[in-house]
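What follows is a set of notes on a single structure, which appears directly below.
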Amino acid sequence: DAGVIQSPRHEVTEMGQEVTLRCKPISGHNSLFWYRQTMMRGLELLIYFNNNVPIDDSGMPEDRFSAKMPNASFSTLKIQPSEPRDSAVYFCASSLIPENYGYTFGSGTRLTVV
Amino acid sequence: AQRVTQPEKLLSVFKGAPVELKCNYSYSGSPELFWYVQYSRQRLQLLLRHISRESIKGFTADLNKGETSFHLKKPFAQEEDSAMYYCALRTGFQKLVFGTGTRLLVSP
Chain A
1 DAGVIQSPRH EVTEMGQEVT LRCKPISGHN SLFWYRQTMM RGLELLIYFN
51 NNVPIDDSGM PEDRFSAKMP NASFSTLKIQ PSEPRDSAVY FCASSLIPEN
101 YGYTFGSGTR LTVV
Chain B
115 AQRVTQPEKL LSVFKGAPVE LKCNYSYSGS PELFWYVQYS RQRLQLLLRH
165 ISRESIKGFT ADLNKGETSF HLKKPFAQEE DSAMYYCALR TGFQKLVFGT
215 GTRLLVSP
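Chains A and B, in that order, give the protein sequences. Everything in the first sequence is counted per the working numbering, starting at 1 for the first residue and increasing by one. Everything in the second sequence is counted per the working numbering, starting at 115 for the first residue and increasing by one.
Structural data, given as structure tokens:
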């Protein structure tokens, strides 16, 4: 397995544009998590899915953010419209729950909104 | 509320010195604790799980429920240990809550 795959690795966009981040979890994992990493706030959980169903989206900052998981092998995180304060590294992670191995993280998408 | 506190943003030591990265947690249930490591511009990787009581790359961590701590220790630091270290707590809802991280810098 190639691990958790995220695309793109880097994204630079102008303020106001729509941004879509993509994630392919590890095959067989039933849970998927989206995190945002910034210098100021560290790692923040945005949303997580279990069996493709959103379980907790309390970390989604505002209505500009949305996430979907149409099937077990794909998820998207969308920001519309994007703002400079959204600049961060966005990580996707997957896991098999219940188990005790923690998460497997993707390489992240570095988003810069100018 | 679930919370993980890593009081040190930066820990700087010389090669061969002992290292202790502090982690304290707040959780009313039975905690599951992890340490993750992130080398420069790479993905987060699982380093340790408290339930496995293992030693990885010379690092160990013991859960102290009385002090609500899960400090990460290594007796002799190496330059390749330089990285960002995150302590994480898994709650009953299966989500990981991370601390703000400690950057370990090991100088020659």
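In this text, a Cβ means the ideal position worked out from N, Cα and C, and glycines have one as well.
Paired residues, beta bridge with residue i - DSSP
{"i": "residue 20 of chain A", "result": "A/78"}
{"i": "residue 171 of chain B", "result": "Looking at the DSSP assignment, residue 171 of chain B forms no beta bridge with any residue, so it has no partner."}
{"i": "residue 6 of chain A", "result": "A/23"}
Any chain B beta carbon closer than 8 Å to residue i
{"i": "residue 97 of chain A", "result": "yes"}
{"i": "residue 57 of chain A", "result": "no"}
{"i": "residue 107 of chain A", "result": "yes"}
{"i": "residue 48 of chain A", "result": "yes"}
{"i": "residue 90 of chain A", "result": "no"}
{"i": "residue 21 of chain A", "result": "no"}
CA-to-CA distance, residue j to residue i, given in whole angstroms
{"i": "residue 135 of chain B", "j": "residue 222 of chain B", "result": "19 Å"}
{"i": "residue 9 of chain A", "j": "residue 25 of chain A", "result": "15 Å"}
{"i": "residue 110 of chain A", "j": "residue 88 of chain A", "result": "6 Å"}
{"i": "residue 212 of chain B", "j": "residue 21 of chain A", "result": "22 Å"}
{"i": "residue 64 of chain A", "j": "residue 152 of chain B", "result": "29 Å"}
{"i": "residue 43 of chain A", "j": "residue 34 of chain A", "result": "10 Å"}
Cβ shell of residue i (< 7 Å), same chain only, five flanking positions each side left out
{"i": "residue 30 of chain A", "result": "50, 51, 96, 97"}
{"i": "residue 174 of chain B", "result": "187"}
{"i": "residue 83 of chain A", "result": "15, 113"}
Per-residue burial, residue i [other beta carbons within 10 Å of its own, 16 or more giving buried]
{"i": "residue 112 of chain A", "result": "exposed"}
{"i": "residue 209 of chain B", "result": "buried"}
Cut-off 8 Å between Cβ atoms - residues of its own chain near residue i, not counting five sequence neighbours on either side
{"i": "residue 139 of chain B", "result": "116, 117, 118, 119, 145, 147, 182, 183, 184, 201, 203"}
{"i": "residue 60 of chain A", "result": "46, 47, 66, 67"}
Any chain A beta carbon closer than 8 Å to residue i
{"i": "residue 215 of chain B", "result": "yes"}
{"i": "residue 129 of chain B", "result": "no"}
{"i": "residue 179 of chain B", "result": "no"}
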